[in-house]
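Numbering (the numbering used here), first residue to last: 6 to 140. Worksheet: the structure to be examined is printed underneath.
Structure representation (structure tokens):
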């Protein structure tokens with residue numbers, strides 16, 4: 006019974022809301038500084054209106070930026086970010102998100118509204134914590 010109840014919990018109840026983001030036009034070097042300062046391995050990339058444009062991860066930096074011939078101070082986040090990431094709505098269920106993560110091999114999914122404005126991020130860690138909070 007608890008298992009079914011957990012599957013129907015809405016993403017907005019368990020997502021990470023206070024996100025560290027980076028804007029279009031910022032350099033990869035600036036993104037790295039933010040990642041280190043806030044101890045995160047993923048930054049949603051947003052425009053000036055808060056609309057999600059992509060995600061930049063530690064893996065992107067290692068696999069794309071460090072192999073680029075452009076220096077980090079000049080390389081822009083949009084040059085290496087994942088564009089059009091898979092996203093979900095705040096009313097998606099935990100079960101919906103788990104299925105997407107499993108089938109697409111994802112560790113995090115941005116949560117956006119109907120205008121693609123970033124509201125939060127749901128991660129495999131958020132879901133793991135959810136399991137501990139069930140009584």
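Using N, Cα and C, we set each Cβ at its ideal position, and we do this for glycine too.
In the DSSP assignment, find the unbroken beta strand (DSSP E) run with residue 174 in it and report its ends.
Residue 174 cannot be examined here, being either before or after the span of the chain that is shown, 6 to 140.
Taking the C-alpha atoms as reference points, what is the distance between residue 31 and residue 126?
21 Å
State the Cα-Cα distance for the pair residue 121 and residue 68, rounded to the nearest angstrom.
27 Å
Using 8 Å for Cβ pairs, my map puts residue 76 next to residue 50. What's the rounded Cβ distance?
Contact flag wrong, Cβ pair sits at about 20 Å.
C-beta atoms of residue 80 and residue 70 nearer than 8 Å:
yes
According to the Cβ coordinates, are residue 114 and residue 92 closer than 8 Å?
yes
Use the C-beta contact count for residue 96: other C-beta atoms within 10 angstroms, 16 or more gives buried, fewer gives exposed.
exposed
7 Å CB neighbourhood of residue 12 in its chain, flanking five on each side removed:
98, 99 and 100
Just to confirm the assignment: which complete beta strand (DSSP E) runs, minimum length 3, are found wholly within the stretch 11 to 92?
47 to 51 and 57 to 62
Closest Cα partner of residue 73 within the set 119, 33 and 19:
33
Span of the alpha helix (DSSP H) holding residue 101?
99 to 109
Does residue 78 pass the burial test, meaning 16 or more other C-beta atoms within 10 Å, or should it be called exposed?
exposed
Is it buried or exposed, residue 124, if we count other Cβ atoms within 10 angstroms and call 16 or more buried?
buried
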